[in-house]
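What follows is a set of notes on a single structure, which appears directly below.
Residue numbers (full-length UniProt numbering): 1 to 631.
So, in structure tokens, the structure goes:
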């Protein structure tokens, strides 16, 4: 198949193209209206169609005779446990949990928060919710109670599904106490907290709203999947916003199913029955799309991995999982590869495993540096595909579509636009820029199926954040350029969202925590280069008059407060005390300049700076403390 012809059809005849793809699904009511607009005059797909994600992920395959195929392989090096779950077994668990949720009063259109570690019950909960039209919102288990409380107040869940605990390397994370603390902080109070006890000897504090997960499932009736409108929200997924307030991305049902089914075959190059592994977390968009819904829709066996790329037990863990479970296509973040490379630079541990099953290695979540891509290609001896997408898109926007035809790989580029995404690089005026000229990365409307519908409870922010700046285009918030061959290179965020090991985090939110410390007069938090995680946050702090480091360990207190409010996922470990910060004459802190100096990038001193002499001070402080690439 010719990529260019296939792609052009999706851009020139989007309704014809996506109707053909939608026909690959088992609809309850096939859509006749392919593309339309909602009450906000924003595009929507398949509005008169009806289907169910849980049915497509489970029941369809059983009806087709594949009930005995493994749907999920749970591999947990942190608990030394493995479990193979067939589609029959998955239906039993999911249909009964759905029945239990109905018994508790959850109905179509209600919301439910899922705050779970990487265990099968997390997937059961997601599929049980979509089975009965309950809109789930999975919150990453690494987030602190404060962050969980914000999301409770925003989506107002009728119930929260959680577990007794999560497990990190050599430590237990108390999930249930975190949930209790979050509910105490939140204004909205969920009616029930459904608690799965992992039986690991962790004490579970009891509350009146608690419901035992195991008892709920055991005593429930199995529930069939109900037909839902294609435009019915399947889930809300929160992503960091530039204001520090998370944005609740709304995903539809029919467009999402169509896009994911399409992407498994044409982007990732897997066939039905293959084993696929996305090494992510169900709390992130990768986990939603490519641990749960994408593989299961496409009848792939999906790997649910509870562990880390290193120290569980060592840097060979990924290779062991691929070899043991016969993974055909694997997807992880570059930060995971960098961690493995740091521990085993020669790839000696890799030599112990038969990796002949692996056909492609995909990387995404952050920009992949050339050295990491080349090392991975050399060690694995398979094509290594860097691709780009966002929580908002829900599935890849740029990729080397290996299921169509593998194109030559250019290190540093995420290759070409995926079908349906009309990607442009524009200047401030919204005009296309020349090849190799950097600009804003935008996509012409309509976006293809599966992308964000709106922001939960905030359509004004949706319009302002994504659609207003460049009329008739979706603004990605990233910068980049196209070369003379049409390859797209993403250069990074144009706002203050940083990417720490594939996790998008708001420095504005961290800055709010830092500035609230009793000794802090002013501060700036921004992302700097990190050899392992891609980026990490750095805080520069001006102390209040009369405060000094000798009085107490202010830096450690600030770090601890960020960890408590945002969570360990922020990797906030560096705080420097400074006398002043570079600002414009209007008082705006020059964060981009601070970042460029730290990373030893070329930079121009803005003409609007109020005092140019501060630059030398900042350079000296960075060198003294070995910040950024000095480490």
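For each residue, glycine too, the CB sits at the ideal point set by N, CA and C.
- According to the DSSP assignment, residue 596 belongs to the alpha helix (DSSP H) that extends over 591–598.
- Rounded to whole angstroms, residue 341 and residue 35 show a C-alpha spacing of 46 Å.
- Nearest neighbour of residue 428 by Cα position, chosen from 391, 469, 537, 462, turns out to be 469.
- Under the three-state reduction of DSSP, residue 522 is assigned to strand.
- The beta carbon of residue 103 sits closer than 7 Å to the beta carbons of 220 from its chain, once the five residues preceding and following it are set aside; these are given in chain order.
- Residues 265, 266, 267, 268, 269 of the same chain have their beta carbon placed closer than 7 Å to that of residue 403, with the five preceding and five following residues left out of the count.
- The Cβ neighbour count for residue 8, taken over all protein chains shown within 10 Å, is under 16; the residue is labelled exposed.
- For residue 53, same chain residues with a beta-carbon under 7 Å away, outside a window of 5 residues either side, are 130, 234, 253, 257, 293 in chain order.
- The bridge partners DSSP lists for residue 504 are 499.
- By the Cβ neighbour-count rule, residue 1 is exposed, with fewer than 16 other Cβ atoms within 10 Å of its own.
- A distance below 8 Å separates the beta carbons of residue 315 and residue 344.
- A check of alpha carbon separations from residue 247 across 177, 152, 222, 189 identifies 152 as the nearest.
- Taking all protein chains in view, the Cβ of residue 44 is crowded by 16 or more other Cβ atoms within 10 Å, so the residue is classified as buried.
- Short of 8 Å from the beta carbon of residue 86, and not among the five residues preceding or following it, lie these beta carbons of its own chain, in chain order: 67, 68, 69, 70, 71.
- Here the alpha carbon of residue 25 sits roughly 8 Å from the alpha carbon of residue 56.
- In this structure, residue 434 sits away from residue 476, with a CB-CB distance that is not shorter than 8 Å.
- Contact annotation: residue 262 and residue 279 have beta-carbon atoms that are not nearer than 8 Å.
- Under the DSSP assignment, residue 168 falls in the beta strand (DSSP E) whose first and last residues are 166–168.
- Residue pairing from DSSP places residue 439 in a beta bridge opposite 480.
- With 16 or more other Cβ atoms from the protein chains shown falling within 10 Å of its own Cβ, residue 417 counts as buried.
- Counting along the chain, residue 8 sits inside the alpha helix (DSSP H) bounded by residues 3–12.
- If you draw a straight line from the Cα of residue 274 to the Cα of residue 525, it comes to about 44 Å.
- Residue nearest to residue 406 within the set 430, 324, 361 is 361 (criterion: CA-CA distance).
- Distance from the CA atom of residue 122 to the CA atom of residue 318, rounded to whole angstroms, is 21 Å.
- The beta carbon of residue 590 sits closer than 7 Å to those of 582, 583, 584, 606, 609, all from its chain and outside the five residues before and after it, given in chain order.
- Put simply, the backbone Cα of residue 118 is about 26 Å away from that of residue 105.
- The Cβ-Cβ distance between residue 328 and residue 350 does not fall below 8 Å.
- The criterion of a C-beta distance shorter than 8 Å is not satisfied by residue 30 and residue 230.
- Cβ atoms of residue 160 and residue 115 come within 8 Å of each other, at about 6 Å.
- Residue 144 and residue 571 have their C-alpha atoms roughly 13 Å apart.
- For the pair residue 281 and residue 611, the Cα-to-Cα distance works out to about 45 Å.
- For the pair residue 101 and residue 602, the Cα-to-Cα distance works out to about 56 Å.
- The residues 95, 98, 99, 102, 131, 132, in chain order, have a CB closer than 7 Å to that of residue 223 in the same chain once the five nearest residues on each side in sequence are set aside.
- The beta-carbon distance between residue 365 and residue 502, rounded to whole angstroms, is 3 Å. This is short enough to meet the 8 Å contact definition.
- In the structure shown, residue 212 falls within a strand segment according to DSSP collapsed to helix, strand and coil.
- Taking 8 Å as the cut-off, the Cβ atoms of residue 394 and residue 480 do not count as close.
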